[in-house]
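Peer 1: Okay, so the sequence shown: first residue is 1 according to UniProt numbering, each after it adds one. I have a structure here, written as structure tokens, and I will follow up with some questions on it.
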Amino acid sequence: MTELSALSAVPSGARNAVLKFYFGPMDCGKSTLALQMNYNHGRQGRRGLVLTKHDRSGGPKVTSRIGLGLEAIEVEDSLDLVRLVTSHERIDYLICDEACFYTVEQIEQLADLVDEHGIDVYAFGLASDFRSVMFPGAQRLFELADEVCRLQVEVLCWCGRPGQLNARVVGGVLARTGEQVVIGDTDASPVRYQVLCRRHHRSGQLGEGGDPA
Ligand SMILES: [Zn+2]
1 MTELSALSAV PSGARNAVLK FYFGPMDCGK STLALQMNYN HGRQGRRGLV
51 LTKHDRSGGP KVTSRIGLGL EAIEVEDSLD LVRLVTSHER IDYLICDEAC
101 FYTVEQIEQL ADLVDEHGID VYAFGLASDF RSVMFPGAQR LFELADEVCR
151 LQVEVLCWCG RPGQLNARVV GGVLARTGEQ VVIGDTDASP VRYQVLCRRH
201 HRSGQLGEGG DPA
């Protein structure tokens, strides 16, 4: 066994790694925080991987609405995250953006990486879909994470109340039914998303910023 002094780097596995889930509605700065977290860990000489799924850029990238961006690994449904990470030489942490879209099995693989491989996992994502129903991946994160944090950057509904729910707007009208995951906000898509307070998510009123109905 290697002798350690107080100043030795902490060997991975010698402390408990953590699984943290940061959640909030669209526009609350999740991807920005994910990129900042990656930067901070990288600066300390830690090695990490950045993962995403369905980023707004449409490519394997983490991009934030305020203009930051970084290449990332796209998490396809078939991707085994344990195999992905263990195929790299030494990984200290993972940044998992858009983790709400990962499969339940993949969330369990993240827990496995924390417990069996001593890797810190920082997951970011939405909690609930356009119907205000939790995404399966997000639900599994709530169940398994060591720590769950609601992001504090406040997003406001058009009425000025805190916006916590993601509405899907199709042709200017709030959608109540449909597939759980539909990528919007692209040039070709008639689908867009808008953050609303609970009251206006229920009533379907989109405010002045909404499309003319
Ligand atoms: Zn409102």
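Cβ coordinates follow ideal geometry from the N, Cα and C atoms, glycine included. Bear in mind the structure is a predicted one, so any value in this text is a computation, not a measurement.
Which term fits Ala188, buried or exposed, when burial requires 16 or more other beta carbons within 10 angstroms of its beta carbon?
Peer 2: Exposed, because fewer than 16 other Cβ atoms sit within 10 Å of the Cβ of Ala188.
Peer 1: Taking the DSSP output, what are the residues bridged to Thr63?
Peer 2: DSSP output for Thr63 lists Gly69 as bridge partner(s).
Peer 1: Between the Cα of Val170 and those of Pro162, Tyr193 and Cys100, spot the shortest distance and give me the residue it belongs to.
Peer 2: For the residues Pro162, Tyr193 and Cys100, the minimum Cα distance to Val170 belongs to Tyr193.
Peer 1: Quick check on Asn40: buried or exposed, where buried means 16 or more other Cβ atoms within 10 Å of its Cβ?
Peer 2: Looking at its Cβ environment, which holds fewer than 16 other Cβ atoms inside 10 Å, Asn40 is exposed.
Peer 1: Measuring alpha carbon to alpha carbon, tell me which residue in Val155, Lys61 and Gly184 is nearest Cys96.
Peer 2: Of the listed residues, the one whose Cα sits closest to Cys96 is Lys61.
Peer 1: Quick one: complete beta strand (DSSP E) runs, 3+ long, within the region 50-129?
Peer 2: 61-63, 69-71, 93-96 and 120-125, all fully within the region 50-129.
Peer 1: So the beta strand (DSSP E) Asn166 belongs to, where does it begin and stop?
Peer 2: Where Asn166 is concerned, the enclosing beta strand (DSSP E) stretches over Leu165 to Val170.
Peer 1: Taking 7 Å as the cut-off, decide whether the C-beta atoms of Lys20 and Tyr122 are in contact.
Peer 2: Yes, the pair counts as a contact, with Cβ atoms nearer than the cut-off.
Peer 1: Among Leu81, Lys53 and Ala34, which has the Cα closest to the Cα of Ile183?
Peer 2: Measuring from the Cα of Ile183, the nearest candidate turns out to be Lys53.
Peer 1: Going by Cα to Cα distance, which pick from Leu165, His88 and Leu113 is closest to Gly24?
Peer 2: Among Leu165, His88 and Leu113, the Cα nearest to that of Gly24 is on Leu165.
Peer 1: Less than 6 Å between the CB of Arg161 and some heavy atom of ligand 1, yes or no?
Peer 2: Arg161 Cβ: within cutoff of ligand 1.
Peer 1: In the structure shown, what three-state DSSP assignment does Gln194 receive?
Peer 2: In the structure shown, Gln194 sits in a strand (DSSP, three-state: E or B).
Peer 1: What residue does the beta strand (DSSP E) around Glu147 start on, and which one ends it?
Peer 2: That run of the beta strand (DSSP E) goes Glu147 to Arg150.
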